[in-house]
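Q: Position 53 of the sequence shown, counted from 1, bears residue number 56 in our numbering, the numbering being contiguous throughout.
Glycine included, every Cβ here is placed at the ideal spot set by N, Cα and C.
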Amino acid sequence: MKRITPKRFLKSWGDRFWKLAIKPGKPFAFGKLSNSWFCGLPGNPVSATLTFYQLVQPLLAKLSGNTASGLPARQRVRTASRLKKTPGRLDFQRGVLQRNADGELEVTTTGHQGSHIFSSFSLGNCFIVLERDRGNVDVGEWVEVEPFNALFGGL
4 MKRITPKRFL KSWGDRFWKL AIKPGKPFAF GKLSNSWFCG LPGNPVSATL
54 TFYQLVQPLL AKLSGNTASG LPARQRVRTA SRLKKTPGRL DFQRGVLQRN
104 ADGELEVTTT GHQGSHIFSS FSLGNCFIVL ERDRGNVDVG EWVEVEPFNA
154 LFGGL
């Protein structure tokens with residue numbers, strides 16, 4: 004008897020996609036079962052939280068008739084720490100957005116960025132959004148950030 008996996012189950016139904024070129028959050032399922040939309044979140048806590056706020060929340064807003072994207076406006080700031088990144092996927096690293104001694108906004112990493120390290124959300128206050136083709140980022144380079152307060156309803 005074949006083992007029933009979510010992928011095998013969903014394959015027997017209608018339209019769907021299974022993987023995304025984002026980090027964290029690559030294993031994400033989306034499609035339609037009969038007349039209902041479904042979203043399958045990844046298993047790791049950081050991946051599940053990220054994909055919910057970046058993908059599911061905007062989808063729910065749109066399906067509810069909201070014309071806004073549901074995503075916060077991104078800001079360009081300089082990074083105060085070196086960021087590791089391998090090209091090939093859009094990367095959402097957790098960071099701390101703050102003012103430096105000159106009063107300018109800058110961002111630092113929360114440290115290790117593993118999809119199982121949920122403390123990166125409690126330590127951080129923003130996503131550092133690194134483009135798909137970008138590699139490592141040196142101190143002083145420009146990056147885009149999305150503040151958490153807009154995502155989490157001002158918490």
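#1: In this structure, what does DSSP give as the bridge partners for ARG3?
#2: According to DSSP, simplified to helix, strand and coil, what is VAL80?
#3: Near ALA3, what residues of its chain come up, given a Cβ to Cβ distance below 7 angstroms and the 5 sequence neighbours on each side ignored?
#4: Using 10 angstroms around the beta-carbon of TRP145, count the other beta-carbons present and answer buried if the total reaches 16, otherwise exposed.
#5: CB-CB under 8 angstroms to ILE7, same chain, minus the five flanking residues each way: which ones, in chain order?
#6: Does the separation of the CB atoms of GLN96 and PHE121 fall below 8 angstroms?
A: Quick answer:
#1: There is no way to answer for residue 3, as the model of the chain reaches only from 4 to 158.
#2: strand
#3: Within the shown structure, residues of the chain are numbered from 4 to 158, placing residue 3 beyond reach of any answer.
#4: exposed
#5: Bear in mind that a pLDDT of 49 at ILE7, under 50, signals an unreliable position, so the model cannot answer this.
#6: no
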